[in-house]
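First the structure, in the form of structure tokens, and then the observations on it.
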Amino acid sequence: MFDGIPRRVVSLWFPRLASDQILRRCPSGGPFALTLKQSNINRLYCLNGQATQQGLHPGMPYSDARAFCPNLQTAPVDLLQGQRFLQILCRWATRYCPWVGLEGRDGLVLDISGSTHLFGGEKEMLSDMRTRLTRAGLSVQIGLADTRAAAWALAHHGEGLAPPGDMLAALQNLPVAALQLDEKTSTALTRLGLRKIGDLAAAPRAPLTRRFGPDVLRRLDQAVGQQPEGITPVADPPHYGVRMTLPEPIGLISDVMAGTERLLTRLCAKLKAQEMGARGLTMTLRRVDQDHQEVELRLARPLRDPHRILPLFERGLAEVDAGFGIDQLRLEATQVEALPAQQLTHVSAGRKGHLEDLITRIGTRIGLTNIQRFLPADSHIPERSFIIAPAAYSDPASGWTCTNPRPLRLFPPEPLMIAEPHPPERFRWRRMSLTTARATGPERIAPEWWLEDDNWRSGLRDYWRVETTQGRRLWLFYTPQNPGWFVQGEFA
Amino acid sequence: MHNLDPRFFPPSNTRTHEVCGPGADVFAFTLAARLRGDVMWVRERWEPSQINPDGFVEFIDSASLTLCNTKDQTETLAVAEEALRSGVISLVVMQLTKPLGLTAGRRLQLAARDGKSTGLSIIPEGMGSNAAETRWHCAPVFDPRFSSQDSTLQKWELIKNKSGTLGVWYVRWDPASRRLIMVSPAGE
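Here the protein sequences come in this chain order: L and A. The numbering used here applies: residue 0 is where the first sequence begins, and numbers increase by one. The numbering used here applies: residue 54 is where the second sequence begins, and numbers increase by one.
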């Protein structure tokens, strides 16, 4: 605008984005709607054309809609997925111009100044957009104008192409709601008789501002181009990948490690700038014969310290077959997590990190999920009084409280061939005959009915600590509702 | 009646030891409590029985224990060697199911020496390896003199010792003082 090229803005509005997204994958013949649960009531969120023809509208309660239209097909809406789809469309739209931003939940705004001639003109560009989007199964309304607000107004209220220059002439027959005013203001304006944008522009400005605040006229000025309104393009997500191409192929482990170190330094500087830490890394080594090999590293803790990550790569890189030599190294952080800078304290200065490095090293061999730690859980059921969590994804927790003695080792209940209700004097267990010397108990534990557990189908359990003259101290239980004795653990 | 700091325990540091018998877990946890620091417990994945954190809370803090589930004994030994050599872990307990070869046993000894940490293999009875520094047989013993709360009496038998004599001791773990107490044998 200021440098001589007139600014031109395209506004794309997808009135049925959410339902089109579903129907693209599984087309259905009849009326279709997506529902959204809002304050305990299912309401229609987005409808296809046939559902609208049946007289349904968004915001209608689902049960009413079913009464109007019995053959309505519905699905619950996934708002996050819709947002992701819009991001994909935003990326696609960069084929027309580099300056693409999001417009609300279901629109895009493109600043196409200076790029129309690549498509043979504005009309050709718009028809190209429409053809491609329609072919993809999306219904779209397109507005083209000099300003963002005017383009939005045209897209939402009877599509159109405003010729460059006088925006007011193009907009004057549109209703005032096209200025993106809130509903209360636009109703009040209509009641005053200012139904169209042309009426609003002709009205004296001072009384309008006094009555409705500066917002109404600001929107009008933005639409006609007297006040600027920017478009924020969506930034590309940061890419955590670095590569190095070598003039001569290398094959020695020490050379590859040296290359890895250089790449890691660059990658970690990038991670540090974004306050992120790598959780998973992939090293791709391309050989001179165009074959490539990948070395994957999963870390027990998000890291961005090259000196700590480098030794962890040793094992993986040692297994690589270099063939006739490696001429390109590429390192990518496939999984990143936020790792904010932390204050150093005397507590954290210990050797805490070394255990995590050990877990990473062992994890490359047996898998990170196989390295676990115990966390306390809130349950009286012996086998559920602790959680086994992967050590890489949990912090150690203290706070074990147990009032009754518990066995050192638990095993799945092993039945004894006894049915009497009092603790047995003699019993056979694991091919040993044992004699009870002292039995302490019972401790009654009831099943947790709110959780489904097949092992506790037999009902209540009376636990006894049985000391045998042979030495073994066992944890037996009796199920009074389903008479039987079982051994479940062994004490210290 | 009791000697508060038994001279035979703990067995020499920076070595790998073996323990068998029904009281092997108690020996492992007593050693872990005595050595302090982080413990790594390596076991095979299929093993149905499970050490219980509510039970060993009397010996060590469960936050200091890391559990490794491995595919087979080869993996167990590889993990144990790596952990011993790192020097971060003070005790590595491995549950073995098959006899240990001379090479594997020797490698564990070297790893323990390099990392200045202690290894302990829980082995089935009669499957000891020649490379072990000491081998113990542990079994619980019933003694009517103790009440049911503190009856943790064990008979620990040193059945192999590369650098010393063998012996038999009756010991008991005192959870209050977190100490091993030597007891005169029952019936004497």
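Note that beta-carbon positions come from the ideal geometry of N, C-alpha and C, so glycine has one too.
Item: Under 8 Å (Cβ pairs) to chain A, residues found in the segment 20-34 of chain L; Value: none
Item: DSSP state of L/Glu442 mapped onto helix, strand, coil; Value: strand
Item: Three-pair Cβ contact test at 8 Å for the segment 33-41 of chain L versus the segment 127-138 of chain L; Value: no
Item: Distance, L/Glu260 Cα to L/Leu284 Cα; Value: 14 Å
Item: Straight-line gap, L/Gln82 to L/Gln20 (C-alpha atoms, nearest Å); Value: 11 Å
Item: Residues from the segment 407-432 of chain L in contact with chain A, defined by Cβ distance under 8 Å; Value: Leu407, Arg408, Leu409, Phe410 and Pro411
Item: Cα-Cα separation, L/Arg134 to L/Arg297; Value: 42 Å
Item: Residue range of the unbroken beta strand (DSSP E) whose run includes L/Ser18; Value: Note, L/Ser18: premise wrong, no beta strand (DSSP E); alpha helix (DSSP H) at Leu16 to Arg24.
Item: Proximal chain L residues relative to A/Ser201, where beta-carbon distance stays under 7 Å; Value: Arg437, Thr439, Arg464 and Glu466
Item: Contacting residues, own chain, Cβ-Cβ under 8 Å from L/Asp304 (five flanking each side not counted); Value: Cys267
Item: Residue nearest to L/Thr517 in terms of C-alpha spacing, selected from L/Asp105, L/Phe410 and L/Pro422; Value: Since the first residue of chain L shown is 0 and the last is 491, residue 517 of chain L is not available in this structure.
Item: Neighbourhood of A/Met54 by C-beta, 8 Å cutoff - its chain only, sequence neighbours within 5 removed; Value: Because the pLDDT at A/Met54 is just 43, under 50, the model does not fix this residue reliably, and the point stays unresolved.
Item: L/Phe385 at chain A interface by Cβ criterion, 8 Å; Value: yes
Item: Nearest-angstrom beta carbon gap, L/Pro14 and L/Ser138 [assumed within contact, 8 Å]; Value: 6 Å
Item: Range covered by the alpha helix (DSSP H) that runs through L/Phe31; Value: Segment Phe31 to Gln37 is the beta strand (DSSP E) holding L/Phe31; no alpha helix (DSSP H) there.
Item: Chain L within 8 Å of A/Leu149, Cβ atoms only; Value: no
Item: Reference L/Gln221; option with closest CA among L/Gly240, L/Trp151 and L/His155; Value: L/Trp151
Item: L/Lys122 - DSSP class collapsed to helix/strand/coil; Value: helix
Item: Contact with chain A by L/Ile444, beta-carbon distance below 8 Å; Value: no
Item: Chain L contact for A/Asp8 (CB, 8 Å cutoff); Value: Any answer about residue 8 of chain A is impossible in this case: the structure gives chain A only from 54 up to 241.
Item: Contacts that L/Trp399 makes with chain A (C-beta to C-beta distance below 7 Å); Value: Pro106, Asp107, Val110 and Ser115
Item: Residues bridged to A/Ile175 (per DSSP); Value: A/Val72 and A/Gln148
Item: Minimum Cβ-Cβ distance from L/Arg307 to chain A less than 8 Å; Value: no
Item: Reduced DSSP secondary structure (H/G/I, E/B, other) of A/Asp203; Value: coil
Item: Where the segment 183-195 of chain A meets chain L: residues whose CB sits under 7 Å from a CB there; Value: Ala192, Pro193, Val194 and Phe195
Item: C-beta neighbour in chain A for L/Ala388, strict 8 Å; Value: no
Item: Identity of the residues DSSP links to A/Gly220 by a beta bridge; Value: A/Leu211
Item: For A/Ser230 and A/Asn56, the rounded distance between their alpha carbons; Value: Annotation note: pLDDT 46 at A/Asn56 (below 50); position unreliable, coordinate value reported separately. Cα to Cα, A/Asn56 sits roughly 14 Å from A/Ser230.
Item: Among L/Leu262, L/Arg6 and L/Thr359, the one whose alpha carbon lies nearest that of L/Ser114; Value: L/Arg6
Item: Collapsed DSSP secondary structure at L/Tyr239 in the structure displayed; Value: coil
Item: Within chain A, the residues that L/Asn369 reaches when beta carbons sit closer than 8 Å; Value: Arg98, Cys121, Asn122 and Thr123
Item: Proximal residues, the segment 212-230 of chain A versus chain L, C-beta separation under 8 Å; Value: Trp226
Item: A/Glu134, DSSP secondary structure in three states; Value: helix
Item: Residues of the segment 159-185 of chain A whose Cβ lies closer than 9 Å to any Cβ of chain L, in chain order; Value: none
Item: Segment limits, alpha helix (DSSP H) that includes A/Cys191; Value: Run containing A/Cys191: none in the alpha helix (DSSP H); it sits in the beta strand (DSSP E), Thr187 to Pro193.
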